[in-house]
Every structure is written in structure tokens, then in C-alpha cells.
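J.:
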Amino acid sequence: GAGVSQSPRYKVAKRGQDVALRCDPISGHVSLFWYQQALGQGPEFLTYFQNEAQLDKSGLPSDRFFAERPEGSVSTLKIQRTQQEDSAVYLCASSLVGGHTEAFFGQGTRLTVV
Amino acid sequence: KQEVTQIPAALSVPEGENLVLNCSFTDSAIYNLQWFRQDPGKGLTSLLLIQSSQREQTSGRLNASLDKSSGRSTLYIAASQPGDSATYLCAVSHSDSWGKLQFGAGTQVVVTP
Numbered sequence: 001g002a003g004v005s006q007s008p009r010y011k012v013a014k015r016g017q018d019v020a021l022r023c024d025p026i027s028g029h030v031s032l033f034w035y036q037q038a039l040g041q042g043p044e045f046l047t048y049f050q051n052e053a054q055l056d057k058s059g060l061p062s063d064r065f066f067a068e069r070p071e072g073s074v075s076t077l078k079i080q081r082t083q084q085e086d087s088a089v090y091l092c093a094s095s096l097v098g099g100h101t102e103a104f105f106g107q108g109t110r111l112t113v114v
Numbered sequence: 115k116q117e118v119t120q121i122p123a124a125l126s127v128p129e130g131e132n133l134v135l136n137c138s139f140t141d142s143a144i145y146n147l148q149w150f151r152q153d154p155g156k157g158l159t160s161l162l163l164i165q166s167s168q169r170e171q172t173s174g175r176l177n178a179s180l181d182k183s184s185g186r187s188t189l190y191i192a193a194s195q196p197g198d199s200a201t202y203l204c205a206v207s208h209s210d211s212w213g214k215l216q217f218g219a220g221t222q223v224v225v226t227p
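Heads up: the protein sequence lines correspond to chains A and B, in order. At position 95 of the first sequence the residue is numbered 95 (this note's numbering), and the sequence of numbers has no breaks. Numbering-wise, this note's numbering comes out as the position in the second sequence, counting from 1, plus 114.
(1) How would you call ARG151/B, buried or exposed, if buried means at least 16 neighbouring beta carbons within 10 angstroms?
(2) If you drop the 5 nearest sequence neighbours on each side, which residues of the same chain put their C-beta closer than 6 Å to that of LEU215/B?
(3) Can you name the residues that DSSP bridges to ALA205/B?
(4) Determine which residues of the stretch 38-52 of chain A have a Cβ less than 8 Å from any Cβ of chain B, and write them out in chain order.
(5) Within the chosen definition, does the stretch 99-106 of chain A reach the stretch 155-164 of chain B through at least 3 CB pairs nearer than 8 Å?
(6) Determine the burial state of ASP86/A: buried for a count of at least 16 other Cβ atoms within 10 Å of its Cβ, exposed for fewer.
(7) What residues in the stretch 98-110 of chain A bring their beta carbon closer than 9 Å to a beta carbon of chain B?
(8) Helix, strand or coil: how does DSSP classify PRO196/B here?
(9) Roughly how far, in whole angstroms, is the beta-carbon of GLN17/A from the beta-carbon of CYS92/A, given that I think they are within contact range, below 8 Å?
(10) According to DSSP, is GLN36/A part of a helix, a strand, or is it coil?
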């Protein structure tokens, strides 16, 4: 595709509900990252995939957060039993090879937990 | 632990003035540094990528310098325009971190006509 695509753009979840956020990276990009951005802050790293392998998940805030990229392309970030502090913008980024090339970001999913 | 700081947090300038945005980082062992632009409600747009071996990068009206030893980068935007109004973020990566980026909190820029 032309760019990184994320869906949905906006999600309102009731506290305790499970949510799934989708990321379609740029075709051919090996590396895929998820970031969490709170209002007025810079993005914070959550997790990293190289193809289908999740090589770093050190930024996931709790075991309620789970990410997968089963075929090395589309990725899903799942949050179970959402809480109010999960409200943020979730950004997906992809890059060509090895993770040290230029990163391209999607428009993000704004999650609001009520 | 790496800390990335951007000062000032907000900046307002009249159209035509040059913009100078600062980014500092505490650990100089970086692999590269990227400058991004973020418009309200949008994702991040990459502006410039500077490898650790480089001193500067230029693209059009944008010029970014990197001084690894002092832990600083500066983004210069010449002859600012109202369309330059946005939040500008810098981010660093480390060679042992798979390219994951550590961001500053950003500088919010307003260019007034």
C-alpha cells in the first residue's frame, strides 16, 4: 500500500471490554513497531516485530497487552479488560529492513476507555 | 537510561522568521536520530534522518545538525510559513535496540501570518 494504515481510527470502549487494533504496514517492510502516545507526550515504545517474530515486547505495560503479526505483514494489538489509563493514541510504524532505516507511521488509533 | 528532551515546549513566531528547535539526549551512543512532524489528530511524518556518523542533513528549507559528543541536535526551518505550524518531535535509536525509537515530548510550533 501507499502508506501505513491503521484501523479503526477511533475506538470507544467501556472499562473491562477487550479491543483489537489493526495495522497494515507498507508492503515489503520487514520491521513493525507499536507505540503508545499519551496527550501532550511523545510516543512510547510498546513492541517490535521483524517479519513474524516478536523480538522485543519490553514496552508492553502489562500482560493485558498482546501483539501478533502471524504472517509477517498485518499486525494486531489486543488489549484485554481495558482500563481508563489505557486511553491513548496507539501508533504503528514500519521500516524497510533491520529497524534502523526511516520509520513510517500510520495515523494512529485513538482509544478512549469510559 | 536514555532521556530525550526538547526545549522549548512551545514556540510562536511570525511568518518569515527562521525556526530553531532543540533536542538533547543523555546517552551519546545512538545509532541515528530522526526529526518528525505531527499535525493535530494525525500520525508522524518523517522529516530528516541523521546517521550517527553524519553531522547534518538538509531537505529544502529544513536543516538538522547532530553533535553526538554533546548530545544535541538542532532543527532549523528557514523562512517559516503558517503551514509549518505543527508539533515537531525528535527521536533517537540505539544500535542494540532493533531500531526502536525513543522520543522527546515535542515542540509545538505556531507560525502566525
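Backbone N, C-alpha and C fix where the C-beta goes; we use that ideal spot for every residue, glycine too. Computed from a predicted structure; not experimentally measured.
T.: Let's see:
(1) Classified as buried, ARG151/B has 16 or more neighbouring CB atoms from the shown chains inside 10 Å of its CB.
(2) ALA205 and SER207
(3) GLN148/B and PHE217/B
(4) Taking a C-beta cut-off of 8 Å against chain B, the contacting residues of the stretch 38-52 of chain A are GLY40, GLN41, GLY42, PRO43, GLU44, PHE45, TYR48 and GLN50, listed in chain order.
(5) Yes: at least three Cβ pairs fall under 8 Å.
(6) buried
(7) Correct list: GLY98, GLY99, HIS100, THR101, GLU102, ALA103, PHE104, PHE105, GLY106, GLN107, GLY108 and ARG110.
(8) helix
(9) At roughly 21 Å, the Cβ-Cβ gap does not stay under 8 Å, so GLN17/A and CYS92/A are not in contact.
(10) strand
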